[in-house]
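Chains as they are written, first to last, in the UniProt record's numbering: chain A, 1 to 127; chain B, 1 to 396.
C-beta: ideal position from N, C-alpha, C; glycine also.
It should be emphasised that the depicted structure is a prediction, and the values quoted were computed from it without experimental measurement.
These notes concern the structure reproduced below.
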Amino acid sequence: MDELERGEKAASFQSYSYGLSDAEDITLTNWHATIIGPNGTTFDNRIYSLSIVCGPEYPNSAPVVSFSTMINASFVGPRGEVDLSKLPALGKWAPEHTIESVLKAIIEEMKSRSNRSNKQPAESAVY
Amino acid sequence: MKLWICPFNSDKFQVEVDDAATTMDLKEAIAKVENSSAETQRLIFAGSVLKDSEQLSSYNIVDGVSIHYVRGRAPRAAAAAAPAAAPARPATTPAPAPAAAPRPASAATPSAASVPTNISAGFDPSRSVIGAGEFSLANADLGSILSAIPGGLSSLIGDGEEGSSGLPDFEAVNQLLSQNPALREQMSQMMSDPAMMESLMNNPMFRDMLPPGSRNLMSNPAMIRLAMDPEFVQLQAQMQAVMQRHGVDLSSMMGGGGGMFGAAGASGAGSPSASQEGTNRPAAGPGAMPSLAHLEQLLSAFGGAAGAGAGAAGGSPFNFGGAAAAAQAPAEPPESRFQVQLSMLQDMGFHDSAANIRALLSSGGRVDAAVEYLLRSPPDFSSGGGSGGPGSPGSN
């Protein structure tokens, strides 16, 4: 619940944003998020949409995160699924982690040396 | 209802729209405030990109919420560039459309035709992000231009892969340049074409990393000649060798594979003596270069630690980057102010950005001192990096 509120009331600009896919979803399961590509990387100024599914075990087990916008990055599989284990900034999943920490870790990884100069698909391409 | 609009990298502002307004109505309201066009705007609320025709209420947008606003890419008059606007708003700066990129009129060889397009389309950010000074910029140009040219030349340039030193192989570049005068000709033509440089400078990638002053440097023909001079390229290779002889771990020092002067310069900027030195304007000629012996001396004086290496380069007249980085507005948040240093620390294996920022803040932006700080407070320092004790680059 706290997460929902924070997602909507972001006080200042962040390079990510998230909220429920369906506002009526009282189980808080399906979320979507956007990441604005970090400056100075190949992702610069692009908007990436992601979907985040927090299963019934969340936050004890990790959410399922996938990109809807096509992206070429080491931590993203061929259908857009994010491999959370490839996000060093996140580390092993722990219940203290939040959607926000996942998004931050993804952004960190987008800035990493192995990703920030990857060739990217056309901007609006989706999976 | 009143909505907060939070633009990328600048202060939020409020606009008022009708409760039944659509996204397009909101965009037009923003356009009025900003004197921009509604078409290039992209708005995001709670993770959704707002579609023009939808009503804001369908996204549950109510009075008082904040909407993220990303200025899009659009054609932009090159003449309108205002170098004086110090904290540039990167998101407002659209990349020049490839088709519009001016190209040297007399570029004749087949590969030349593809160069301008590649510059705007395929710029290699792994290099440009680190460069606070135009030396690294020149190197980045070299690297990305070469890798953009078809024919597999790119394999000659270290592309910053994992494991490799992350530095362009200057020897190879040197060889290339001396073997291929046409290429050199081409590049210097490109670099001396003011329109070309202008469009490069307006590339958001460069715009937000280059402080206003360096624009002048880049348009200084002597500077360009210098960067293109095969002797200089050779010198870089030699310097690299010297640094290596002294056990300086280049790959960890270099950060994201930027030019070595840019990276070193930026880290030197934190220490007062370095930034003073850094203000030495390039005398634009080989005479301005420190002798290798001088560098060697500096290096041994500092004991060859990684931090010392950075400091040495920072204190030498090579470091135009020092002045440049120091010129950045101090009002920026630490994340962006220390972007270069942070990525260096990242590459050294310090992955905890919060701790890195703390360390940089306490060290006034000096990477070596920050490393020392991080090593003293041991939390999750994983691997690699910290090659030896930090030197004291500010002490000369």
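### Message
Is the beta carbon of Ile47 of chain A closer than 8 Å to that of Gln120 of chain A?
### Response
By 1-based counting over the first sequence, the position of residue 120 of chain A is 120. By 1-based counting over the first sequence, the position of residue 47 of chain A is 47. For the 8 Å CB-CB criterion, Gln120 of chain A and Ile47 of chain A do not form a contact.
### Task
Identify each residue in the segment 32 to 58 of chain A for which the Cβ-Cβ distance to at least one residue of chain B is less than 7 Å, and report them in chain order.
Listed in sequence order: His32, Ala33, Thr34, Ile36, Asn39, Gly40, Thr41, Thr42, Asp44, Asn45, Ile47, Ser49.
### Task
Look at the alpha carbon of Ile30 of chain B and the alpha carbon of Gly37 of chain A, and state the distance between them as a whole number of angstroms.
Locating residue 30 of chain B in the second sequence gives position 30, where the first residue counts as 1. Locating residue 37 of chain A in the first sequence gives position 37, where the first residue counts as 1. Roughly 22 Å between the two C-alpha positions.
### Task
Measure how close the beta-carbons of Leu84 of chain A and Trp93 of chain A come, nearest whole angstrom, since I'm counting them as under 8 Å.
Numbered from its first residue, the first sequence carries residue 84 of chain A at position 84. Numbered from its first residue, the first sequence carries residue 93 of chain A at position 93. At roughly 6 Å, the Cβ-Cβ gap stays under 8 Å, so Leu84 of chain A and Trp93 of chain A are in contact.
### Task
With 8 Å as the threshold, decide whether the Cβ of Gly19 of chain A is near any Cβ in chain B.
Taking the first residue of the first sequence as position 1, residue 19 of chain A is located at position 19. Closer than 8 Å to some Cβ of chain B, the Cβ of Gly19 of chain A qualifies, so yes.
### Query
Which residue's Cα is closest to the Cα of Lys111 of chain A: A:Ile26, A:Ser51, A:Gly91, A:Phe43?
Stepping through the first sequence from its first residue, residue 111 of chain A is reached at position 111. Ranking A:Ile26, A:Ser51, A:Gly91, A:Phe43 by Cα distance to Lys111 of chain A puts A:Phe43 first.
#### Entry: Every unbroken alpha helix (DSSP H) inside the segment 34 to 92 of chain A [4 residues or more]
Taking only runs of at least 4 residues, no alpha helix (DSSP H) segment lies wholly in the segment 34 to 92 of chain A.
### Test item: CB-CB of Gly17 of chain B and Thr34 of chain A under 8 Å
To locate residue 17 of chain B, count along the second sequence from 1; it is residue 17. To locate residue 34 of chain A, count along the first sequence from 1; it is residue 34. For clarity, residue 17 of chain B is Val in the given sequence; the question names Gly instead. In terms of Cβ geometry, Val17 of chain B and Thr34 of chain A do not form a close pair [threshold 8 Å].
### Message
Considering only their Cβ atoms, is the gap separating Ser49 of chain A from Thr69 of chain A smaller than 8 Å?
### Response
Residue 69 of chain A sits at position 69 when you count from the first residue of the first sequence. Residue 49 of chain A sits at position 49 when you count from the first residue of the first sequence. A contact, by the Cβ cut-off of 8 Å.
### Task
Check Ile99 of chain A in the structure and name its three-state DSSP category.
Locating residue 99 of chain A in the first sequence gives position 99, counting from the first residue. Helix at Ile99 of chain A.
### Any C-beta of chain B under 8 Å from that of Glu108 of chain A
For the purposes of this step, residue 108 of chain A is identified with residue 108 of the first sequence, where counting begins at 1. It does: the Cβ of Glu108 of chain A has a partner Cβ on chain B nearer than 8 Å.
### Task
Could you run through the segment 40 to 56 of chain B and flag, in chain order, every residue whose CB is less than 9 Å away from some CB of chain A?
Listed in sequence order: Arg42, Ile44, Phe45, Ala46, Gly47, Ser48, Val49.
### Message
For Val70 of chain B, report the span of its beta strand (DSSP E) as first-last.
### Response
The residue you call residue 70 of chain B lines up with position 70 of the second sequence. Judged by DSSP secondary structure, Val70 of chain B falls within the beta strand (DSSP E) whose first and last residues are 66 to 71.
### Task
Determine the closest residue to Ser57 of chain B out of B:Ile5, B:Gly364, B:Leu26, with distance taken between C-alpha atoms.
The residue you call residue 57 of chain B lines up with position 57 of the second sequence. Comparing alpha carbon positions, the residue from B:Ile5, B:Gly364, B:Leu26 closest to Ser57 of chain B is B:Leu26.
### Query
For Arg116 of chain A, does the count of other Cβ atoms within 10 angstroms reach 16, so buried, or fall short, so exposed?
Mapped onto the first sequence, residue 116 of chain A falls at position 116. In this structure Arg116 of chain A is buried. Its beta-carbon is surrounded by 16 or more other beta-carbon atoms within 10 angstroms.
### Message
Using a Cβ-Cβ distance cut-off of 8 Å, determine whether Pro88 of chain A contacts chain B.
### Response
Mapped onto the first sequence, residue 88 of chain A falls at position 88. Pro88 of chain A belongs to the set of residues whose beta carbon lies under 8 Å from a beta carbon in chain B.
### Task
Starting from Tyr373 of chain B, trace the alpha helix (DSSP H) both ways and give me its first and last residue.
As a position in the second sequence, residue 373 of chain B is number 373, starting the count at 1. Its alpha helix (DSSP H) spans residues 367 to 376.
### Task
Determine the burial state of Ser17 of chain A: buried for a count of at least 16 other Cβ atoms within 10 Å of its Cβ, exposed for fewer.
Numbered from 1 along the first sequence, position 17 holds the residue referred to as residue 17 of chain A. By the 10 Å Cβ count, Ser17 of chain A comes out buried.
### Message
Classify Pro7 of chain B: buried if its beta carbon has 16 or more other beta carbons within 10 angstroms, exposed otherwise.
### Response
The residue labelled residue 7 of chain B in the question sits at position 7 within the second sequence. Buried, by the Cβ-count rule.
### Query
Does Val367 of chain B come within less than 8 Å of chain A when only Cβ atoms are used?
As a first step, residue 367 of chain B is located in the second sequence; it is residue number 367 there, counting from the start. Taking 8 Å as the CB threshold, Val367 of chain B stays off the interface with chain A.
#### Entry: Candidates A:Gly40, A:Pro56, A:Thr41, A:Gly80, of which the one nearest Asn30 of chain A by Cα
For the purposes of this step, residue 30 of chain A is taken as residue 30 along the first sequence, with counting starting at 1. In terms of Cα proximity to Asn30 of chain A, the closest of A:Gly40, A:Pro56, A:Thr41, A:Gly80 is A:Pro56.
### Message
Is Phe350 of chain B close to chain A? Criterion is C-beta to C-beta, closer than 8 Å.
### Response
The residue given as residue 350 of chain B occupies position 350 in the second sequence. False, the Cβ-Cβ gap to chain A never drops below 8 Å.
### Query
So Ala89 of chain A packs on Asn118 of chain A, CB below 8 Å; how close in whole Å?
Here the question's residue 89 of chain A lines up with position 89 in the first sequence. Here the question's residue 118 of chain A lines up with position 118 in the first sequence. Approximately 18 Å separates the beta-carbon atoms of Ala89 of chain A and Asn118 of chain A; this is outside 8 Å, ruling out the contact.
#### Entry: Terminal residues of the beta strand (DSSP E) in which Arg116 of chain A lies
Start at 1 with the first residue of the first sequence, and residue 116 of chain A comes out as number 116. No beta strand (DSSP E) contains Arg116 of chain A, which DSSP labels as neither H nor E.
### Query
Distance, Cα to Cα, Glu372 of chain B vs Asn356 of chain B?
The count along the second sequence starts at 1 and reaches residue 372 of chain B at position 372. The count along the second sequence starts at 1 and reaches residue 356 of chain B at position 356. Cα to Cα, the separation comes out at about 11 Å.
### Contact list for Asn60 of chain B against chain A, beta-carbon separation under 7 Å
Sequence index remark: in the second sequence, residue 60 of chain B carries index 60 (1-based). Per Cβ cutoff of 7 Å: Ala23.
#### Entry: Gln339 of chain B: first and last residue of the uninterrupted alpha helix (DSSP H) it sits in
Translated into positions along the second sequence, residue 339 of chain B becomes position 339. Residues 339 to 348.
### Query
Residues in its own chain within less than 8 Å of Leu4 of chain A by CB, not counting five upstream and five downstream?
Start at 1 with the first residue of the first sequence, and residue 4 of chain A comes out as number 4. So the list reads Gly19, Leu20, Leu28, once near-sequence residues are dropped.
#### Entry: Opposing strand residues paired with Thr22 of chain B [DSSP bridges]
Counted from its first residue, the second sequence places residue 22 of chain B at position 22. Partner(s): B:Gln55.
### Query
What is the DSSP secondary structure of Pro333 of chain B, reduced to helix, strand or coil?
As a position in the second sequence, residue 333 of chain B is number 333, starting the count at 1. In the displayed model, Pro333 of chain B falls within coil according to three-state DSSP, outside both helix and strand.
### Task
Compare the C-beta of Val33 of chain B against all C-beta atoms of chain A and say whether one is closer than 8 Å.
The residue given as residue 33 of chain B occupies position 33 in the second sequence. No - not a single Cβ of chain A is within 8 Å of the one on Val33 of chain B.
### Query
Any beta-carbon of chain A closer than 8 Å to the one on Val70 of chain B?
Stepping through the second sequence from its first residue, residue 70 of chain B is reached at position 70. Yes, its Cβ sits closer than 8 Å to a Cβ of chain A.
### Message
Can you look up Ser10 of chain B in the DSSP assignment and give me helix, strand or coil?
### Response
For this step, residue 10 of chain B is matched to residue 10 along the second sequence. Collapsing the DSSP output to three states places Ser10 of chain B in coil.
### Query
In terms of DSSP beta bridges, what is Leu20 of chain A paired with?
Position 20 of the first sequence, counted from the start, is the residue given in the question as residue 20 of chain A. Its beta-bridge partners are A:Trp31.
### Message
Using only CA atoms, which one of A:Val76, A:Lys86, A:Ala62, A:Leu87 lies nearest to Tyr127 of chain A?
### Response
Position 127 of the first sequence holds residue 127 of chain A. Comparing Cα-Cα distances from Tyr127 of chain A to each of A:Val76, A:Lys86, A:Ala62, A:Leu87, the minimum goes to A:Val76.
### Task
Report the residue from A:Glu96, A:Ala122, A:Pro95, A:Gly91 whose alpha carbon sits nearest the alpha carbon of Ser108 of chain A.
By one-based count along the first sequence, residue 108 of chain A stands at place 108. In the sequence as displayed, the identity of residue 108 of chain A is Glu instead of Ser. Out of A:Glu96, A:Ala122, A:Pro95, A:Gly91, A:Gly91 has the C-alpha closest to the C-alpha of Glu108 of chain A.
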